Amino acid sequence: MAHILFLDVDGVLNSTQPDSPSLGIEPMLLQLIVDIAGAVGRDGSELQVVISSDWRRSISLMTKLSETLSHAGLSVQGSIPAELPKQQGIRQWIAQHGKVVKNWVVLDDFDLKGLDDLDCELAGASVDGRCIFEGHFVKTDETIGLSQADAQKAVRLLLTDWANKAVQLEHMNVALAVPLQAAPTSASPPLLCNECGALLRDSSEARTHMEVTGGEHCMFSAAG
Numbered sequence: 219m220a221h222i223l224f225l226d227v228d229g230v231l232n233s234t235q236p237d238s239p240s241l242g243i244e245p246m247l248l249q250l251i252v253d254i255a256g257a258v259g260r261d262g263s264e265l266q267v268v269i270s271s272d273w274r275r276s277i278s279l280m281t282k283l284s285e286t287l288s289h290a291g292l293s294v295q296g297s298i299p300a301e302l303p304k305q306q307g308i309r310q311w312i313a314q315h316g317k318v319v320k321n322w323v324v325l326d327d328f329d330l331k332g333l334d335d336l337d338c339e340l341a342g343a344s345v346d347g348r349c350i351f352e353g354h355f356v357k358t359d360e361t362i363g364l365s366q367a368d369a370q371k372a373v374r375l376l377l378t379d380w381a382n383k384a385v386q387l388e389h390m391n392v393a394l395a396v397p398l399q400a401a402p403t404s405a406s407p408p409l410l411c412n413e414c415g416a417l418l419r420d421s422s423e424a425r426t427h428m429e430v431t432g433g434e435h436c437m438f439s440a441a442g
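Numbering of the sequence shown is given in the numbering used here, commencing with residue 219 and proceeding in unit increments.
Spelled out as structure tokens, the structure:
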């Protein structure tokens, strides 16, 4: 059975510091993820990474991220659904795969636990007064990204027995029934990067693609 790390990128693998790569990955912060995997692996378990970042909505960014993580020796197991809000996508992934998961933790600079608490309250899906992300969430500081203390907390949570696992999985399906607003979709046609062939959902994603690849002079055309 594997340990699962739901990984955000912006505010976790990079920061708002002036010298941090815009929409990139800082090697020192990536090394902390590798360190988490190493600490978890000491008991013979494997850490598997599931992408929960908004990067999951871009084919080119997901490819870049998956290659970077794999090159660092990390096992990447895809992403949560692109069309769902992040906290709902994580719950759905756990509800579907939780029986073969030893434990899991979420790294994010946004207070997903606060959103999860609200979802649980609306659905009546708490377990012994605790919502689903309780004991499974580490909030990072976007101004510095993932810290050593954050990484140590993630290891501690991952190596703790998953309390009330069967009950939580049952209640997770209840929480999934709460109607949440789906991630917005763009009305504009998808765009094709004429330089590298990347398929991008809209102009916002095209700008992100340019920043990440350094393609300041990229030309785009409507796909289809």
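The beta-carbon is built from N, C-alpha and C at its ideal position, and this holds for glycine as well. Just so it is clear, the structure is predicted and the values come from calculations on it, not from any experiment.
Around the beta carbon of Val318, fewer than 16 other beta carbons lie within 10 angstroms, which makes this residue exposed. Judged by DSSP secondary structure, Ile222 falls within the beta strand (DSSP E) whose first and last residues are 220-225. Within its own chain, the residues whose Cβ lies closer than 8 Å to the Cβ of Ser439, once the five positions on either side in sequence are excluded, are Leu409, Leu410, Asn412, listed in chain order. With a cut-off of 8 Å on Cβ pairs, the region 277-285 is not in contact with the region 252-262, counting fewer than three such pairs. For Trp311, the secondary structure class from DSSP, reduced to helix, strand or coil, is helix.
Within the region 239-322, the runs of beta strand (DSSP E) that reach at least 3 residues and sit entirely inside it are, in chain order, 265-269, 293-297.
In the DSSP secondary-structure assignment, Val324 is bridged to Phe224, Phe355.
Secondary structure note for Leu377: it is in no alpha helix (DSSP H), with a DSSP letter that is neither H nor E.
Going by DSSP, Cys411 is part of the beta strand (DSSP E) stretching over 409-411. In the structure shown, Gly363 falls within a strand segment according to DSSP collapsed to helix, strand and coil. Rounded to the nearest whole angstrom, the C-alpha separation of Ser233 and Gly316 is 31 Å. Counting only residues of its own chain and dropping the five nearest sequence neighbours on each side, Asp368 has a CB closer than 6 Å to the CB of Val356, Thr358.
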